[in-house]
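Participant:
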Amino acid sequence: MRIQRTTQEDRRFIIWSILPSLFAVVLVGGVPVLYTFILSLKDYQLIKPPGVYIGLENYSDLLMNNPRFIHALLFTILFAVGAVTIEIVIGFLVASVLADEEVTTRYSSFIRTLILIPFVVAPVVVSYTYKTLIYDVTFGYLNYFLQLVHLPVFDLSQGIYNAPIGILVMEVILRTPFVTLILFAGISSIDASIFDAGAIDGVSWWKRMYLLTLPIIKPIIVVAFAFRFMDALKMFDEIYVITGGGPGYITENASIFAVRYGFEYFRMGYAAASAFIFLIVVLVLIMSFLKWSKFEEGMA
Numbered sequence: 001m002r003i004q005r006t007t008q009e010d011r012r013f014i015i016w017s018i019l020p021s022l023f024a025v026v027l028v029g030g031v032p033v034l035y036t037f038i039l040s041l042k043d044y045q046l047i048k049p050p051g052v053y054i055g056l057e058n059y060s061d062l063l064m065n066n067p068r069f070i071h072a073l074l075f076t077i078l079f080a081v082g083a084v085t086i087e088i089v090i091g092f093l094v095a096s097v098l099a100d101e102e103v104t105t106r107y108s109s110f111i112r113t114l115i116l117i118p119f120v121v122a123p124v125v126v127s128y129t130y131k132t133l134i135y136d137v138t139f140g141y142l143n144y145f146l147q148l149v150h151l152p153v154f155d156l157s158q159g160i161y162n163a164p165i166g167i168l169v170m171e172v173i174l175r176t177p178f179v180t181l182i183l184f185a186g187i188s189s190i191d192a193s194i195f196d197a198g199a200i201d202g203v204s205w206w207k208r209m210y211l212l213t214l215p216i217i218k219p220i221i222v223v224a225f226a227f228r229f230m231d232a233l234k235m236f237d238e239i240y241v242i243t244g245g246g247p248g249y250i251t252e253n254a255s256i257f258a259v260r261y262g263f264e265y266f267r268m269g270y271a272a273a274s275a276f277i278f279l280i281v282v283l284v285l286i287m288s289f290l291k292w293s294k295f296e297e298g299m300a
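Per UniProt numbering, residue 1 is the first one in the sequence shown, and the count goes up by one each step.
#1: From this set, N65, I216 and F69, which residue's C-alpha is nearest A275's C-alpha?
#2: Below 8 Å on the Cβ atoms is my contact criterion, and I expect G269 with Y35 to pass it. Report the Cβ-Cβ distance as a whole number of Å.
#3: Taking the runs of the alpha helix (DSSP H) that are 4 residues or longer, which of them lie wholly in the stretch 207 to 277?
#4: Going by beta carbon distance, what residues of the same chain come within less than 6 Å of I182, once the five residues before and after it are set aside?
#5: Taking the C-alpha atoms as reference points, what is the distance between N66 and M235?
#6: Provide the residue span of the alpha helix (DSSP H) that contains P164, from first to last.
#7: Roughly how many angstroms lie between the CA atoms of L211 and S157, to the nearest whole one?
#8: By Cβ distance, which residues of its chain are closer than 7 Å to T176, with the 5 residues on each side in sequence left out?
#9: Which residue marks the beginning of the alpha helix (DSSP H) containing T76, and which one marks its end?
#10: Is D43 helix, strand or coil by DSSP?
#11: When DSSP labels each residue in this structure, what does Y135 get in the three-state scheme?
#12: Please say whether I167 and F79 have beta carbons closer to each other than 9 Å?
#13: What are the start and end residues of the alpha helix (DSSP H) that includes Y144?
#14: Starting from the Cα of V169, find the closest Cα among Y53, F139, P118 and L63 and give me that residue.
#15: Given a cut-off of 9 Å on the beta-carbon distance, is the pair S255 and T76 in contact?
#16: Residues in its own chain within less than 8 Å of E57 by CB, not counting five upstream and five downstream?
#17: Which same chain residues end up closer than 7 Å to residue 314 when comparing Cβ atoms and leaving out the 5 residues on each side of it in sequence?
#18: Going straight from the alpha carbon of R228 to that of I38, what length do you get?
#19: Mapping DSSP to helix, strand and coil, what is V52?
#20: Taking R112 as the reference, which of F178, V126 and E171 has the closest Cα?
#21: Going by CA-CA distance only, name the one from G244, V137, V281 and V94 that's closest to V124.
#22: Return the first residue and the last residue of the alpha helix (DSSP H) that S127 is part of.
#23: If you reduce the DSSP assignment to three classes, tell me which class L156 lands in.
#24: So, are the CB atoms of T180 and V94 less than 9 Å apart?
#25: For a quick check, are the C-beta atoms of I277 and L62 less than 9 Å apart?
#26: Measuring only the C-alpha atoms, how far is V52 from A272?
#27: With F192 and P247 assumed to form a contact (beta carbons below 8 Å), what rounded beta-carbon distance in angstroms separates them?
#28: Applying the criterion that 16 or more other CB atoms from any shown protein chain within 10 Å of the CB defines a buried residue, is V126 buried or exposed?
#29: For K48, which option in K291, Y265, L290 and Y59 has the closest C-alpha, if you only look at C-alpha atoms?
And the structure:
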């Protein structure tokens with residue numbers, strides 16, 4: 001009876017301990033989502049509230065009659081997949097070099113400090129730096145060196161590829177350090193005897209990375225990809241500062257779309273519906289990715 005009473009008291013203590021955190025999560029996350037969904041069911045004009053209930057008309061119009069929203073969704077997903085994939089590849093290579101015994105002994109601390117610099121700087125500051133000092137047609141360093149070798153200038157406002165490429169390059173440089181540190185920690189945790197056995201068998205550096213390191217740290221790569229993918233999907237600062245979604249709406253992602261319709265066109269109900277659709281898409285993508293990664297582990 002004493003053991004049962006102690007167990008019940010422990011359960012009560014656990015429940016009461018997590019209640020404040022649970023309340024905070026519901027207050028910060030659940031309430032805004034619920035309010036967004038309610039708002040999405042109305043024709044709510046920011047300049048003349050209150051809104052009129054219209055059911056699912058905002059959703060049907062977004063999915064059936066608004067190619068701009070479909071473009072924003074596709075651009076968001078494709079950009080996130082491309083950026084995070086490049087970051088994982090570069091981050092893995094850099095982390096592998098940092099984890100090398102000789103490099104770790106001599107230069108690891110310096111290199112780790114160096115790669116943290118883009119990560120700790122505010123995205124808005126980095127975005128303005130790239131827009132004015134690097135990408136600017138007249139005063140940018142990039143175009144200065146391009147002109148020195150008689151190559152065409154890089155103009156963010158020209159063509160359908162320049163602006164996405166410019167944002168992609170900046171995003172990779174800004175976020176790769178985060179991935180590198182995660183993968184470096186994973187590689188550093190591998191038992192050195194595994195690599196020693198591979199060296200005795202004459203395994204080259206590339207084969208050691210492919211046959212030994214990658215399979216061992218695959219769960220860590222999955223976690224890094226999932227975190228960065230979710231972060232890249234909700235990117236706003238960089239695009240808003242550099243291109244504002246332009247030229248036209250070529251670089252307009254889901255976040256820019258919702259902000260533009262909500263605070264420039266004052267259609268808050270419409271913007272809320274787009275945000276809620278985007279939330280569902282993100283949840284489906286993340287759940288599908290996690291299920292796929294577990295399936296791959298089971299097959300292995």
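Don't be surprised by glycine CBs; every beta carbon is placed ideally from N, CA and C. Quick caveat: nothing in here was measured; it's all calculated off a predicted structure.
Facilitator: Looking at the coordinates:
#1: Residue numbering aside, residue 275 sits at position 275 when the sequence shown is read from its first letter. Closest option to A275, Cα to Cα, is F69.
#2: Residue numbering aside, residue 269 sits at position 269 when the sequence shown is read from its first letter. Residue numbering aside, residue 35 sits at position 35 when the sequence shown is read from its first letter. Actually they do not touch by this definition, with Cβ atoms about 12 Å apart.
#3: 218 to 233, 237 to 242 and 254 to 263
#4: Position 182 of the sequence shown, counting from 1, holds the residue named residue 182. Within the same chain, I182 has close Cβ partners A224.
#5: Taking the first residue of the sequence shown as position 1, residue 66 is located at position 66. Taking the first residue of the sequence shown as position 1, residue 235 is located at position 235. The alpha-carbon atoms of N66 and M235 are separated by roughly 22 Å.
#6: The residue given as residue 164 occupies position 164 in the sequence shown. Run containing P164: N162 to S188, per the alpha helix (DSSP H) assignment.
#7: Looking up residue 211 in the sequence shown gives position 211. Looking up residue 157 in the sequence shown gives position 157. Their Cα atoms are separated by approximately 44 Å.
#8: Against the sequence shown, residue 176 aligns to sequence position 176. Around T176: E87, I90 and G91.
#9: As a working note, residue 76 is residue 76 in the sequence shown. Where T76 is concerned, the enclosing alpha helix (DSSP H) stretches over P67 to A99.
#10: In the sequence shown, counting from the first residue as 1, residue 43 sits at position 43. Strand.
#11: Translated into positions along the sequence shown, residue 135 becomes position 135. Here Y135 sits in coil by DSSP.
#12: In the sequence shown, counting from the first residue as 1, residue 79 sits at position 79. In the sequence shown, counting from the first residue as 1, residue 167 sits at position 167. The answer is yes: Cβ separation under 9 Å.
#13: Here residue 144 corresponds to residue number 144 of the sequence shown, with the count starting at 1. Y144 -> alpha helix (DSSP H) spans Y141 to L148.
#14: Start at 1 with the first residue of the sequence shown, and residue 169 comes out as number 169. When only C-alpha atoms are compared, the closest one is P118.
#15: On the sequence shown, residue 255 is found 255 positions in, with the first residue counted as 1. On the sequence shown, residue 76 is found 76 positions in, with the first residue counted as 1. Cβ distance < 9 Å, so S255 and T76 count as in contact.
#16: Taking the first residue of the sequence shown as position 1, residue 57 is located at position 57. Cβ within range, chain order: D43.
#17: In this structure the chain extends from 1 to 300, so residue 314 is not present and cannot be described.
#18: Here residue 228 refers to the residue found at position 228 of the sequence shown. Here residue 38 refers to the residue found at position 38 of the sequence shown. Each residue's alpha carbon lies about 30 Å from the other.
#19: One-based indexing of the sequence shown puts residue 52 at position 52. It is a strand residue.
#20: In the sequence shown, the residue the question calls residue 112 occupies position 112. Ranking the options by Cα distance to R112, first place goes to F178.
#21: Mapped onto the sequence shown, residue 124 falls at position 124. Taking only the C-alpha atoms, the option nearest V124 is G244.
#22: Position 127 of the sequence shown, counted from the first residue, corresponds to residue 127. P123 to T129 is the span of the alpha helix (DSSP H), which, as asked, contains S127.
#23: As a first step, residue 156 is located in the sequence shown; it is residue number 156 there, counting from the start. Three-state DSSP puts L156 in coil, outside helix and strand.
#24: By 1-based counting over the sequence shown, the position of residue 180 is 180. By 1-based counting over the sequence shown, the position of residue 94 is 94. In this structure, V94 lies closer than 9 Å to T180 by Cβ.
#25: Here residue 277 refers to the residue found at position 277 of the sequence shown. Here residue 62 refers to the residue found at position 62 of the sequence shown. In contact: I277 and L62 (Cβ atoms closer than 9 Å).
#26: Looking up residue 52 in the sequence shown gives position 52. Looking up residue 272 in the sequence shown gives position 272. Near 14 Å, if we compare the C-alpha coordinates of A272 and V52.
#27: On the sequence shown, residue 192 is found 192 positions in, with the first residue counted as 1. On the sequence shown, residue 247 is found 247 positions in, with the first residue counted as 1. The question names Phe, yet the displayed sequence has Ala at residue 192. About 52 Å separates the two Cβ atoms, so there is no contact after all.
#28: Reading the sequence shown from its first residue, position 126 is the one you call residue 126. Its Cβ being crowded by 16 or more others within 10 Å, V126 is buried.
#29: Against the sequence shown, residue 48 aligns to sequence position 48. Checking every option, the nearest Cα to that of K48 belongs to Y265.
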